[in-house]
Amino acid sequence: MRFDFNDFRLRKYSKITKKILALDKEYQQLTDEQLQAKTILFREKLAEGASLESILVEAYATIREADYRILGLKPFENQVLGGVILHYGMVAQMNTGEGKTLTATMPMYLNGLTGPGNFLVTVNGYLANRDAEEIGKVYHWMGLTSAAGVSPDEEELDMQAIYNNDIVYTTNSALGFDYLTDNLVENATDKKLNDLNFALVDEVDSVLLDAAQTPLVISGSPRVQSNLFNSTDRIVKSLQKDKDYEFSEDLTSVWFTKEGIKHLEDYLGITNLVSKRWSDLYRHLVLALQANYTIKRNQDYVVVDDEVLLLDSENGRALTGMKRESGIHQAMEAKEEVPLTEQTRAMASITLQNFFKMFKKLSGMTGTAVTSAREFMDVYNLPVLKVPTHKPNIRVDRPDIVYATMDEKIEATVKLVKKAYEVQRPVLLKTGSLSLSRLYSRVLLKNGIVHNVLNAQSESKEAMIVADAGQAGAITVATSMAGRGTDIKLGPGVKEKGGLLVIGTERMNSRRVDDQLRGRAGRQGDPGESIFLVSLEDKVVIENAPDWVDKYRMRLAQALKEGKRKYGEPLRGRRAKNIVERAQQAADTKAESARKSSVKMDDILRIQREMIYDFRDYVMANGDLGEITQRIWDDFFKLYSSGKGITRDKLSDFIINNLDYNYSDEQFDSKILEDPEQVEQYVLKVAKQKWEDQKLILDNEFKQNYLKRLSILKALDVAWIEQVDNLSQLKTVVSSRSTGQHNPIFEYEKEAMNSFRQMRKAFWQNTIKYMLLSDLIVGKNESIRVEFP
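At position 585 of the sequence shown (counting the first as 1) the number is 1752 in our numbering, and the numbers step up by one without a gap.
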């Protein structure tokens, strides 16, 4: 018999849960003061060397009783089990309505006993603030500190003070961006984040899988605006599909064919378009190709008042202020013929995968994780355990109904909604895009069905609409999973009508996302029903089904014309259902593959990023930088002097631009140029003499070290920002090439290493330049102002 490790874990954690529950009566007898004193006792034990695991049973029993006294809610057995699973660094699958918010109080309290560095990560700022306010009452009563890491009204927060709390409720993007900005500061005291100790991620599949492929990017330092966006857009619009460019099977990637490259070279009057010489032009052509043929209006973005606004793929909300990176946003603007916005430079970047893997312990909870258990294990080393429900799930999940065309499906969907509306049964209708939600809304209004549309509301408004979606007669049209994290509670009389009816109008690219939708109905043993009405014209089928499905659709259309098929009748048999199911499986596999590819690419950047950030921290913490600067000088001057083609004029230009503005070569002996070692000694001598001049202004070691530190950090940041931006551009280019002709990961790694070597050289050179050529102004109070060249 095959050993089931997950079953073993579940039995082990169930035993721990029983021990916690066994303390219930004893802890009920404690006074408030005795219960609160437990926090001091636990912290004393930890200070003496005890492990968190050794106090887990008592700590969970303590916070469980505190939950009841402050919130009036005591975690059930399944919630306690979920809390145990979460502490041990796993994903707990808990169905909608099973009380994940209360479950989280136990591992957050236990880990919060260790001090700052513990985070509960939610999907949006509204939930972070709501839970920090409500659940924070329990932690504060028990003597811990907690806060929300995002502002409800976008006011500026004292993030150093907030991150000094034992427990912080925040969002993945807020936390990730603060990590990146921490590594752009000049002084260690300006950093905001403490240790990355423990992260408990709510809706973990949404954060670590669905949103993980898009990197967090800090932009700034505006680029010189390119004039190539509009011209390359016009060129690309004139190209022929299949001849000049071709798509991947799922239509999500596009690249130039060999014939297309030749056509472009002839049109532009150049040779070897993909060479380094024409790299900027080629990159703009690639961006124009992607913008025109893989990024869809009203699906990926909308145009409002001559502005391109991105749409959140999860909920259809317009992402005001957000832009695609690496020039793709400007390419989209050129496509739509709206004014081009300023193109900024990527200054720092990290994917959510690599950010969350930095935590000492990571766990998560969601209603849908089992279907992606392998990916959670492969990417994050996170096992997935399914927590039994508190009450039996009596929701009825109907089999899919498949229609030949989109029109037939829409008519059938509206009939089903109308039938429920007539008996005042609440309906949650989910669409796959913003444009489709608007379409269904118009059709429902035409049929006299009053409804709410949930696709671009504020987060708090979303939560209100979702919370009311279970009231009698409520019809809610939602784009994807808008409003996640808010339970749909049934109103009076709804149970008798069969509970909430959930209707999916198409299969999404992942079965897991469809399971999330089903989970909206039937919370905590309530009745409910789910059904998907799909068609062979749905996006997932068009993009992922094999070519023969096109012919099958044509035969069905012909059969309708000839009267062999009745309009509006569902397609019977397994064939149509298999087409939809296999298309979804193909899409899911491709999405997982893309996420893994993203991890591999960011791993290459991660190695460089960690080297740079560790070096930055070392420089900020080190009191004496003499050894570091000497090594930089030696390495750079050796590299410079070994270069070919150094002439008297070139050497003079180099010294004036990098070492000494007042240099004169009147006494220079040209014979030195014949020996690289003599060149090295000569430039080193000039540099040392100039440094002696600087030391006359900086009359003590502290001031000299201050200039060295500022020079190193400034040079490092300039070089690293350029490197991050280069790799961001590079990723766009290599990812667009046909995988049959190239290995994008290999090419990216090779180019990234070459780029890193160039970056290191630029860093060395600029460090020396800033040390020697910066203007130093010493104030009356001995303060120093440095004006870099």
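Glycine residues also receive a C-beta, built at the ideal position from the N, C-alpha and C atoms.
* Give the secondary structure of alanine 1712 by DSSP, where H, G and I count as helix, E and B as strand, and everything else as coil. => coil
* 3-residue-minimum beta strand (DSSP E) runs that sit fully inside the segment 1432–1487, ordered along the chain -> 1468–1471, 1474–1478
* Asked: Rounded to the nearest angstrom, how far is the Cβ of isoleucine 1655 from that of alanine 1636, given a contact under 8 Å?
  -> 5 Å
* Kindly indicate which three-state DSSP category glutamate 1729 falls into: helix, strand or coil? => coil
* Terminal residues of the beta strand (DSSP E) in which glutamate 1504 lies -> Segment: none, glutamate 1504 is in no beta strand (DSSP E) and carries neither H nor E.
* Of the listed residues Leu1840, Thr1572, Thr1270, nearest to valine 1305 (C-alpha basis) -> Thr1270
* Candidates Thr1646, Phe1930, Ser1530, Gly1695, of which the one nearest proline 1593 by Cα -> Gly1695
* **beta strand (DSSP E) segments (min. 3 residues) lying fully within the segment 1288–1356** => With a minimum length of 3 residues, the continuous beta strand (DSSP E) runs that stay inside the segment 1288–1356 are 1313–1315, 1334–1338.
* With distances taken between CB atoms, is the gap from glutamine 1497 to phenylalanine 1396 smaller than 7 Å? -> yes
* Asked: For isoleucine 1642, does the three-state DSSP call read helix, strand or coil?
  -> In the structure shown, the three-state DSSP call for isoleucine 1642 is strand.
* Collapsed DSSP secondary structure at threonine 1575 in the structure displayed -> This sequence places glutamate at residue 1575; threonine is not what is there. Here glutamate 1575 carries a helix assignment [DSSP, helix/strand/coil].
* Of the listed residues Gln1638, Leu1253, Val1335, nearest to isoleucine 1302 (C-alpha basis) -> Val1335
* Measure from the alpha carbon of isoleucine 1779 to the alpha carbon of each residue in Tyr1807, Leu1880, Thr1814, Lys1731, then state which is nearest. => Leu1880
* To do: State the CB to CB distance for the pair threonine 1535 and aspartate 1377, rounded to an integer number of angstroms; the pair is presumed to be in contact (CB under 8 Å).
  => Not quite, the Cβ-Cβ distance comes to about 11 Å (not below 8 Å), so this is no contact.
* Expressed to the nearest angstrom, what Euclidean distance is found between the alpha-carbon atoms of threonine 1906 and tyrosine 1255? -> Any reading at threonine 1906 needs caution, since the residue's pLDDT is 46, under 50, leaving its predicted position unreliable; the model's value is listed next. Taking the straight line from one Cα to the other gives about 40 Å.
* Are there 16 or more other CB atoms within 10 angstroms of the CB of glutamate 1673, so buried, or fewer, so exposed? -> buried
* Asked: If you run the structure through DSSP and keep just helix, strand and coil, what is glycine 1907?
  -> Any answer about glycine 1907 is weak, because its pLDDT of 47 lies below 50 and its placement is not dependable; what the coordinates show is given next. Three-state result, glycine 1907: coil.
* C-alpha distance - leucine 1435 paired with leucine 1448, whole-angstrom precision -> Straight-line Cα distance between these residues: approximately 10 Å.
* **Residue range of the beta strand (DSSP E) that includes aspartate 1369** => It spans 1365–1369 - the beta strand (DSSP E) in which aspartate 1369 sits, taken as one unbroken run.
* To do: Taking all protein chains shown into account, decide if asparagine 1521 is buried (16 or more other Cβ within 10 angstroms of its Cβ) or exposed.
  => buried
* **Residue from Leu1552, Leu1431, Leu1700 with nearest C-alpha to arginine 1176** => Leu1552
* To do: Please list the segments of the alpha helix (DSSP H) lying wholly inside the segment 1664–1727, counting only runs of 4 or more residues, in order along the chain.
  => 1678–1685, 1706–1711
* Anyone know if the C-beta pair for valine 1644 and valine 1620 falls short of 7 Å? -> Against a cut-off of 7 Å, the Cβ pair of valine 1620 and valine 1644 comes out as a contact.
* For lysine 1731, decide whether its Cβ has a neighbour in chain C, counting only Cβ atoms nearer than 7 Å. => Structure shown: chain C not included; a single protein chain is present.
* Where do the ends of the beta strand (DSSP E) carrying alanine 1217 lie? -> Element bounds for alanine 1217: n/a, residue is neither H nor E.
* Can you tell me whether isoleucine 1935 is buried or exposed, with buried defined as 16 or more other CB within 10 angstroms of its CB? -> buried
* Residues in its own chain within less than 6 Å of glutamine 1624 by CB, not counting five upstream and five downstream? -> In this prediction, glutamine 1624 scores a pLDDT of 49, lower than 50, which makes its location untrustworthy; the coordinate-derived value is nonetheless stated afterwards. Excluding residues within five positions, none has a Cβ falling inside 6 Å.
* Buried versus exposed call for methionine 1168 [16 or more other C-beta atoms within 10 Å across all chains shown] -> Only weak support exists for where methionine 1168 lies, its pLDDT of 45 falling under 50; the value from the coordinates is given anyway. Exposed: under 16 other Cβ atoms inside 10 Å.
* What residues are listed by DSSP as bridge partners for lysine 1763? -> Looking at the DSSP assignment, lysine 1763 forms no beta bridge with any residue, so it has no partner.
* To do: Go to lysine 1838, then tell me how far its beta strand (DSSP E) extends in each direction, as first and last residue.
  => Here lysine 1838 belongs to no beta strand (DSSP E), and DSSP marks it neither H nor E.
* **First through last residue of the beta strand (DSSP E) which encompasses threonine 1533** => 1528–1533
* Taking the Cβ atom as the reference point for each residue, do methionine 1120 and valine 1554 lie within a distance shorter than 7 Å? -> Past the edges of the chain, shown from 1168 to 1956, lies residue 1120, and the structure says nothing about it.
* Asked: In terms of residues, what are the limits of the beta strand (DSSP E) holding asparagine 1614?
  -> Careful: asparagine 1614 lies outside any beta strand (DSSP E) and carries neither H nor E.
* To do: Let me know if isoleucine 1207 comes out buried or exposed under the rule of 16 or more other beta-carbons within 10 Å of its beta-carbon.
  => exposed
* When the Cα of glutamate 1503 is compared with those of Arg1464, Thr1538, Asp1349, Arg1491, which residue comes out closest? -> Arg1464
* Cut-off 6 Å between Cβ atoms - residues of its own chain near isoleucine 1385, not counting five sequence neighbours on either side -> Leu1347, Met1514, Ala1515
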